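Report on one structure; see the data block that follows.
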Amino acid sequence: MSRIEAKKPSLCTNDPLTKERVSFSLSVLSGIVKSCYGPTGRLKQLHNGMGGYVRTTSQSSALLGGLSITHPVLKVLTASVQNHISRFSDCGLFTAILCCSLVEKFQRINFAACTVTKISRHLLSLCTDYLKSEACGCRILVDFDSIKTLLSLVRSILASKPACMLNKTEANHLSTLVLKAFLLTIPHTVETNVVLGKCVIVPVKDKRVMDSTVFPGLLIEIPEFQLARTFPVKRVSSSTIKMALFCISLSGDLSNIGEGTVIVHHGISLEVAVLDQLLNLGKQLVNDQVGLVVCQKVIHPSLKQYLKEHRVITIDRVGVSMMEPLSQMTGSQPIAALHSVSPTCYGSLKDLRTESFVSKHFLHLIPNDTLVCSLILCNRNEMAWDELKNACQTAEHVLQLTIKQPLALLGGGCTETHLASYIRHKSFTLPTSVLKTIDCSRTQYQLVADAFCRSLECVACCLAHDDGEILTDMVYGHFWSVQSGFPSDCNWSDLVLKCGCGIYNNQQNLNWTVLRSQCIPFAPQSCSNEPSINSTDHLVLDCFTAKCSGLQVAVETANLILDLSYIVEDQN
Amino acid sequence: MASAASLDLGRLVQEAEALASAVRGALGPRGGQVLMTRPTGETLLTRDGRRVLEALNLGPPTARMMVACVSSHHSMTGDGAKTFIILLSKLLRGLQAILDKREGSPFCEAIQRRERDQKHCHSLKQISQSLMTFQTHLLDHIMAQDLRKHFLSAFSSCEGEISRDTMESILEAYFCGRIGNSHQKLLSQLSCDFYYRCIPFKNGKNEMLDLVNEYFVELHSAVTGLSVSNSRILEGLVLHRDFAVYCPADGDIRMLIVTESIDSALSASGLEFVVNAEVQYQASQVWITKRTEAIMKHLQNNNIKLLLSSVKQQEITIYYAKISGISIVECLSSEEISLLCKTTGVSPFIPSQDNIRSEIAETMIAKFCRPLVLGSKRYIHLGLTRTCAFEPHCVIFCGPVHGVTEQHASAFHGAFKMLQQLFKAVDLSDGCEAQPENPNNTSKAVHCSWQQSATQQKFIMENISCNREKVNDQQLKTSMAETEKQFIDSSSWVHENPSCNQTDLQKSSDLAMPIVELESDFMFSALIDRGSSVRELQKLPLKCKHPSEMWVKNKNEPVVNNHRICNDAMTAIENTSTSVVSKQLNAAKKYWKPGNHIVPFKYEKSYKHTVQSYTNLVIQAGSVLPVGGNFEFLLHYYLHSYAKQCQQPKITLISTVIADALLSIPKILCRTTKENSFTQVYFKATSALQTNQQLPMHQQGLESVYCKYQLVTSVLHCLTKLLTIDLIIGIKRPPQKTEVNDSEEDL
């Protein structure tokens, strides 16, 4: 019986942004994300009172996924950040902090929402145009001839996740591994459509981080007792093993009977008939000199036994997720027929070995053309392993994005401060015709532009969690931080060491000022012709694509939230 | 278990006003967004009045009825939900004010002795009747007589083409109301682009719009987590599936649609398969496999490269497809299949024993077919070659959250519904069959007589041609006098008995025509022929100018006063009424450019009461008006002036109520701009109308008159429905299932 219940009327709120509840929860959220940002970010421990395991993290994906958010306005904010993370993996906290601080700062200006929206959209277009133009002073070209920039990119990502608990050597080791694994997934011969391979992360949780390694090819875990019985393997030649990949069940059950009835006479066993077919198939495989049979589903024990007798190794139940890398790596096509298997479907392997890690045993499939690799990721601490795995996947994704668009942005807060000084400069020299099309006064424009720049700088300031002063230089507009406790009569150039991204040091006299102080707008100079870009090993870099999109998403979401005039909450 | 309550107007007013307050904030270009949460926890952003009203989950049955009316109106026109409820609340408020006044109200005269409640109810009933009368008879009349001269045409030439500038200003105005300032420009350009890219030739626009509206779900995809500026239009179609098998192929790709599994099973429903021996079972398995292999080989021989399937195919089929180099897409929805069939004009292929050896006819060609990654999903991008009036294209909406992409998609869909409405015309003859209550209805009667028969028209045409040479001044004077008399006669006839005035009107028409013939300042399109009785299309470009005095004397209101300057004679196309196409667009376009104040219509002439171009359309296809409350101002003004000289007190009252309620819309639109505060705008508008000038405009953008007209009629209809309710009966038990009369159970 159907249950009929009267629906509860919805709850409506007028002008939600002026309400205490919103501004309070917004400040709580922004406090959480701000304190997590950067290499020295504070860790958060998430634990659910209802059960489940405790997680220590500072990553936006884990953080926002773990929080339960009830207010609809914050739901919009977190949903857009989470969607951004699912597209780009990186720059989630950047987006969240920027969005929160834009909402807070724009609200304080207290103009009509549509004016603020129009102006901030114009500012955003200034930013994106600048970032995408050749003249952009805070981006560098990624040189694929040397791995230096790529390595810096990966290292910056791993370093920005303090919950991984890596020391410097471990971070360097893992960065190299991640980069190596990525390079293995790039095909040797490039056609028009480049399809990258896959890097499979294999968890080993009771070894040190330094024991992590990368294997070309696939590692398939097998029980220990199988290990001894399988070798030596049958080979076609010294470096070729023929392999058959099945995507149907070889367990001997009856399939596809159809919708009608099947009448079986007494004394006739269909199972025997099917098993007969399976054994015929085995015979064909043996005749075709197949050395390895892999099946997505279950293989009948009799067939396994038969194949083993003929020195054919069988692996079953590999699951659907392994099918694509397997067929990609070996060139074999998943077979779905029980008879007359076409020899063109077979693939080949270069070699087959066994590997053991602590208590786990793997069959190592080594292909001719590496497209697939396995990253053995070790960490003693289970919580840190999760964090590490996330970080490695993020790094892999960022490398994929970088190969599409070979650019990187300066990290360590330098992009934000540089962009802020660029926008400040632009907004002071804005032609009147633009103001007319936006339909606002110059004062209005400058107030909104100032809030916009301060929000950008606010993101940069979040990198420094300890007391101290944050400076910017008046030449390049980079980010410099100074430890607390400096003598008051000291010159800035004696205190600063390196800018946030690591391009500049205190050698040049760069006319430093305190970041949040009022200063004269200036056009920041570009760093692209700086010789130190390619010589410095330890640059801090950010993913270009992810950060650009994060900037756009943050501004759009902030505009969206400011434009809200009414909330209808369904109470059912 | 039932509770009954009589309809209380006060409650209706309260409900409607509560509803209106929920959407008021989102009205107009300066309105804000409404954030909604679903019971599932997801959030949705919208400025769509219908969505908001539906999300309120209201309890009162009358309020639910109002929301239902809004929904049905919105799903038809894709626009106007917010205006609907605001107008409705104002109308109810106005009616309540009338009823509260009691004495002097024409609705309360005859019922003094009755009890209070009954009296109340009765007067409501009467109001509702007069509303009905107003809607069916008066509204069309006022639209045709007064408002029509203010309409602009969206078409730039006689073929019904619409220029890109006009299209953009219409769409921009639409999106302004639906999604606000932030992305209005982007979406209006996107939809404009989509319109022009999808339309292969000019005459196919209605067919194209129908198709786009029907299959909009299949024609768009949403990607979250990206900036809105990434939204774009793709050539071809995007199928929301991944390949089951993908074999890259270059050049033209032959493809086939199948709706059933290619691999046959051992048995089918209704059939039995008897296994006599194990060998037999094995052999039949082998046979099935061989058959599948044979079919796939046959497809390969026919150079088929892609198989689009509505069902899931067996693994064995996929295996052989891979071997034969055929890509397969499976589990396509029935809508996707029917869209594919419609755009390509082929029917699904059914493999059977007979046709697996012959040539396959039902193939179509795709320019390309490749995987497409949108967000995290893998789709298929299919470039089809067109065979119908729709050049396949699809839209991809990007946005930071799902709420945004959904809002954009629904606004985009609404825009195409609105365009569909834009190209519709309103026919006056709908109202003509009924007895006109309006004493000033002569022009309608004239229309009726014009429509009477083709023979009559022919007679008139002959008459015209005869008169062309001989008419002189002397004749003019006499005929003028006669016509005048005739018109007075005819109007009195109409008043008394409309069925008898046919001959009379015929006479008057005959007499009117020579006058029409005489002077030649105005090009006017003469006749529109409707109905199947028209044997031939006669183009009749006539030059005429009517001496205005005659008409002025005739009535205090012009009988016919269309000022339209039409260069083209009308043609009757099939059975539908033809649009009068005017060359006003160029003028109108210039008008939009700021600083260039060319008045699109020659206003000095418009009140010379020129002879109406005899079209029986109240609103021609493609009629538009500038946004920002222009329609409301116009209707308000003319309703008021009508009310002043109307002799029936009930109608006068109703007209005034409606006229006042209409003003609430521009009032809200003007709320935040200081320089355009409402009183100023109102004053400017009325003084402009009094001196026969063009209305002042504050915003760019155009909106469809048809949509606005539909809105007013829908609101009046809803109001009528509400007021006719006598008693509300609340039943407290679960609704019973309607019993299905199943004849098989009876047996």
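So the sequence lines, in the order shown, correspond to chains X and C. Residues in the first sequence are numbered consecutively from 489, following this note's numbering. Residues in the second sequence are numbered consecutively from -12, following this note's numbering. All C-beta atoms in this analysis are idealised placements derived from N, C-alpha and C, irrespective of residue type, glycine included. Predicted model, so just to flag it, every value in this text is computed and none were measured.
Query raised in the report: Quick one: does residue 504/X have its CB under 9 Å from some CB of chain C?
Result: Sequence index remark: in the first sequence, residue 504/X carries index 16 (1-based). Chain C, which has a Cβ nearer than 9 Å to the Cβ of residue 504/X, makes this yes.
Query raised in the report: If we count the other Cβ atoms within 10 Å of its Cβ and call it buried at 16 or more, is residue 1008/X buried or exposed?
Result: To locate residue 1008/X, count along the first sequence from 1; it is residue 520. Result: exposed.
Requested in this report: Could you tell me which residues DSSP pairs with residue 366/C in its beta bridges?
Outcome: In the second sequence, counting from the first residue as 1, residue 366/C sits at position 379. In DSSP, residue 366/C forms a bridge with 359/C.
Query raised in the report: Can you name the residues that DSSP bridges to residue 835/X?
Result: Counting from one through the first sequence, the residue named residue 835/X turns up at place 347. Per DSSP, 731/X.
Report task. Put residue 559/X into one of helix, strand or coil per three-state DSSP. Result -> In the first sequence, residue 559/X corresponds to position 71, counting from 1. Of the three classes helix, strand and coil, the one that applies to residue 559/X here is coil, per DSSP.
Report task. Tell me, please, whether the CB atom of residue 620/X is closer than 9 Å to any CB atom in chain C? Result -> Here residue 620/X refers to the residue found at position 132 when the first sequence is read from its first residue. By this cut-off, residue 620/X is not an interface position.
Requested in this report: Measure the CB-CB distance between residue 792/X and residue 804/X and report whether it falls below 9 Å.
Outcome: For the purposes of this step, residue 792/X is identified with residue 304 of the first sequence, where counting begins at 1. For the purposes of this step, residue 804/X is identified with residue 316 of the first sequence, where counting begins at 1. Yes; because the gap between Cβ atoms is below 9 Å, this pair is in contact.
Query raised in the report: Exposed or buried, residue 802/X, counting other C-beta atoms within 10 Å across all chains shown (16 or more means buried)?
Result: By 1-based counting over the first sequence, the position of residue 802/X is 314. With 16 or more Cβ atoms within 10 Å of its Cβ, residue 802/X is classed as buried.
Report task. Determine the contact status of residue 262/C and residue 864/X, defining contact as a CB-CB distance below 9 Å. Result -> The sequence position of residue 262/C within the second sequence is 275, counting from 1. The sequence position of residue 864/X within the first sequence is 376, counting from 1. Contact flag unset, no.
Query raised in the report: Are the beta-carbon atoms belonging to residue 335/C and residue 322/C less than 9 Å from one another?
Result: Stepping through the second sequence from its first residue, residue 335/C is reached at position 348. Stepping through the second sequence from its first residue, residue 322/C is reached at position 335. Against a cut-off of 9 Å, the Cβ pair of residue 322/C and residue 335/C comes out as no contact.
Query raised in the report: Thinking C-beta only, is residue 83/C closer than 9 Å to residue -4/C?
Result: Here residue -4/C corresponds to residue number 9 of the second sequence, with the count starting at 1. Here residue 83/C corresponds to residue number 96 of the second sequence, with the count starting at 1. Going by C-beta atoms, residue -4/C is nearer than 9 Å to residue 83/C.
Report task. Give the single residue among 129/C, 47/C, 320/C whose Cα lies nearest to the Cα of residue 0/C. Result -> Position 13 of the second sequence, counting from 1, holds the residue named residue 0/C. Ranking the options by Cα distance to residue 0/C, first place goes to 47/C.
Report task. Using the Cα positions of residue 824/X and residue 265/C, report the straight-line distance between them to the nearest angstrom. Result -> Walking along the first sequence from the start, residue 824/X turns up at place 336. Walking along the second sequence from the start, residue 265/C turns up at place 278. Cα to Cα, residue 824/X sits roughly 22 Å from residue 265/C.
Query raised in the report: Residues of chain X with CB under 9 Å from residue 252/C, in chain order?
Result: Taking the first residue of the second sequence as position 1, residue 252/C is located at position 265. Chain X residues near residue 252/C: 744, 745, 746, 747, 748.
**Report entry** Below-9 Å beta-carbon distance, residue 789/X vs any chain C residue
**Finding:** Your numbering for residue 789/X matches position 301 in the first sequence. It does not; no Cβ of chain C falls within 9 Å.
Query raised in the report: Residues bridged to residue 1057/X by DSSP?
Result: Working through the first sequence from its first residue, we reach residue 1057/X at position 569. In the DSSP assignment, the residues bridged to residue 1057/X are 499/X, 24/C.
Requested in this report: Step through the CB atoms of chain C and report whether any lies within less than 9 Å of the CB of residue 675/X.
Outcome: For the purposes of this step, residue 675/X is taken as the residue at position 187 of the first sequence. Chain C, which has no Cβ nearer than 9 Å to the Cβ of residue 675/X, makes this no.
Query raised in the report: Do we get a CB-CB distance below 9 Å when we pair residue 288/C with the residues of chain X?
Result: Sequence index remark: in the second sequence, residue 288/C carries index 301 (1-based). The beta-carbon of residue 288/C is placed no less than 9 Å from the nearest beta-carbon of chain X.
Report task. Just the chain C side, please: which residues come within less than 7 Å of residue 605/X by C-beta, in chain order? Result -> Your numbering for residue 605/X matches position 117 in the first sequence. By Cβ distance, chain C contributes 168, 169.
Query raised in the report: Hey, does residue 764/X have any beta-carbon neighbour from chain C nearer than 9 Å?
Result: In the first sequence, the residue the question calls residue 764/X occupies position 276. Taking 9 Å as the threshold, the shortest C-beta distance from residue 764/X to chain C falls below it.
Query raised in the report: chain C beta carbons: is any one of them nearer than 9 Å to that of residue 908/X?
Result: Here residue 908/X refers to the residue found at position 420 when the first sequence is read from its first residue. For residue 908/X, the answer is no, since every Cβ of chain C falls outside 9 Å of its Cβ.
Report task. With a 10 Å radius around its C-beta and 16 neighbouring C-beta atoms as the bar for buried, classify residue 606/C as buried or exposed. Result -> Looking up residue 606/C in the second sequence gives position 619. By the 10 Å Cβ count, residue 606/C comes out buried.
Query raised in the report: Cβ of residue 393/C less than 9 Å from any chain X Cβ?
Result: Here residue 393/C corresponds to residue number 406 of the second sequence, with the count starting at 1. Chain X, which has no Cβ nearer than 9 Å to the Cβ of residue 393/C, makes this no.
Requested in this report: Less than 8 Å between the CB atoms is what I'm expecting for residue 665/C and residue 382/C, so what's the real figure, rounded?
Outcome: Taking the second sequence and counting its residues from 1, the one referred to as residue 665/C is at position 678. Taking the second sequence and counting its residues from 1, the one referred to as residue 382/C is at position 395. Going by Cβ atoms, the distance from residue 665/C to residue 382/C rounds to 38 Å, so no, they are not a contact pair.
Query raised in the report: Is residue 260/C close to chain X, meaning its C-beta is less than 9 Å from at least one C-beta of that chain?
Result: Locating residue 260/C in the second sequence gives position 273, where the first residue counts as 1. Yes, its Cβ sits closer than 9 Å to a Cβ of chain X.
Query raised in the report: Taking 9 Å as the CB-CB limit, is residue 256/C close to chain X?
Result: In the second sequence, residue 256/C corresponds to position 269, counting from 1. Judged by the 9 Å Cβ criterion, residue 256/C is in contact with chain X.
Query raised in the report: How close, in whole Å, do the beta carbons of residue 390/C and residue 31/C come, if the pair is a contact with beta carbons under 8 Å?
Result: Counting from 1 along the second sequence, the entry for residue 390/C is found at position 403. Counting from 1 along the second sequence, the entry for residue 31/C is found at position 44. Their Cβ separation, rounded to whole angstroms, is 5 Å, which keeps residue 390/C and residue 31/C in contact under 8 Å.
Query raised in the report: Going by other Cβ atoms of all chains shown within 10 Å of its Cβ, with 16 needed for buried, is residue 258/C buried or exposed?
Result: Residue 258/C sits at position 271 when you count from the first residue of the second sequence. Burial call: exposed.
Query raised in the report: Which whole-angstrom value is the C-beta distance of residue 218/C and residue 384/C, which I expect to be below 8 Å?
Result: Here the question's residue 218/C lines up with position 231 in the second sequence. Here the question's residue 384/C lines up with position 397 in the second sequence. Between residue 218/C and residue 384/C a beta carbon distance of about 5 Å is seen, short of the 8 Å cut, so the two are scored as contacting.
Query raised in the report: Closer than 7 Å, Cβ to any Cβ of chain C: which residues of the stretch 1023 to 1050 of chain X, in chain order?
Result: Those residues of the stretch 1023 to 1050 of chain X that come within reach of chain C (Cβ to Cβ, closer than 7 Å) are 1037, 1040, 1041, 1044, 1045, 1047, 1048.
Report task. For residue 968/X, count neighbouring Cβ atoms within 10 angstroms of its own Cβ and tell me buried if that reaches 16, exposed if not. Result -> By 1-based counting over the first sequence, the position of residue 968/X is 480. Buried, since its Cβ has 16 or more Cβ neighbours within 10 Å.
Requested in this report: Report the neighbours of residue 832/X on chain C: residues whose CB is nearer than 9 Å to its CB, in chain order.
Outcome: The count along the first sequence starts at 1 and reaches residue 832/X at position 344. Under the 9 Å cutoff, chain C gives 310.
Query raised in the report: Considering only C-alpha positions, which residue in the set 898/X, 974/X, 730/X is nearest to residue 1016/X?
Result: The residue given as residue 1016/X occupies position 528 in the first sequence. Out of 898/X, 974/X, 730/X, 898/X has the C-alpha closest to the C-alpha of residue 1016/X.
Query raised in the report: Would a check of beta-carbon distances place residue 579/C closer than 9 Å to chain X?
Result: Within the second sequence, residue 579/C is the residue found at index 592, counting from 1. Legend: pLDDT at residue 579/C = 40, less than 50; position of this residue unreliable, value from coordinates given subsequently. No, because no Cβ of chain X sits closer than 9 Å to the Cβ of residue 579/C.
Query - chain X within 9 Å of residue 625/C, Cβ atoms only - result: As a first step, residue 625/C is located in the second sequence; it is residue number 638 there, counting from the start. No, no contact with chain X.
Query - Distance between residue 52/C and residue 114/C (C-alpha atoms, nearest Å) - result: Position 127 of the second sequence, counted from the start, is the residue given in the question as residue 114/C. Position 65 of the second sequence, counted from the start, is the residue given in the question as residue 52/C. Going from the Cα of residue 114/C to the Cα of residue 52/C covers about 19 Å.
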